[in-house]
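Right, one structure below, let's go through it.
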């Protein structure tokens, strides 16, 4: 409370930790060392991908919905009161991946070749994994993240009557492949 907010930001940046386990700001920004969605004056822009080659690209993302043991029991058994929660969440995640550019302002609309979503009921949670593929000029990391997020939010909607405290957690990119920047795995 005795420091101003600017000092706190500087201390966090100097420590090298940005809260995601990456050791440097450069690694958080990617290989280019700058934010690609900002122009030289700092204004937001859509990245120009016109000259990039069309290549096969994939991305995987994961997340989890923390739920009560009652929800776990219902999902493993007869189902929740609103019906087949996992099937609805899977379809919603696929729909979310297809609508990513409508939801995230600077994402390019791209042709998605496939989306697969796995939902695994474990003790205390439902683990979600999405894999998205395309052959386009830009990657599908945002589509994979959106698929996981929308599947998780839909699952929360499906179980909220039984567990209003359900939490969407740990949404993150696990891997990507293709394009000029190559392959990356967490």
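Residue numbers (my numbering): 136 to 321.
Quick reminder that beta carbons are idealized off the backbone N, C-alpha and C, glycines included.
Just so we're clear, the structure is a prediction, and the values are computed from it rather than from any experiment.
Query: Assuming contact is defined by CB atoms lying nearer than 8 Å, are residue 250 and residue 223 in contact in what I supplied?; Result: no
Query: Quick one: is residue 290 buried, meaning 16 or more other Cβ sit within 10 Å of its Cβ, or exposed?; Result: buried
Query: List the endpoints of the continuous alpha helix (DSSP H) containing residue 292.; Result: 276-294
Query: Evaluate residue 321 with the Cβ neighbour count: other Cβ atoms within 10 Å of its Cβ, from every protein chain shown; 16 or more gives buried, anything less gives exposed.; Result: exposed
Query: Tell me where the alpha helix (DSSP H) around residue 204 begins and ends.; Result: 204-211
Query: Return helix, strand or coil for residue 257, following the three-state DSSP convention.; Result: strand
Query: Answer with buried or exposed for residue 187, where buried requires no fewer than 16 other C-beta atoms within 10 angstroms of its C-beta.; Result: exposed
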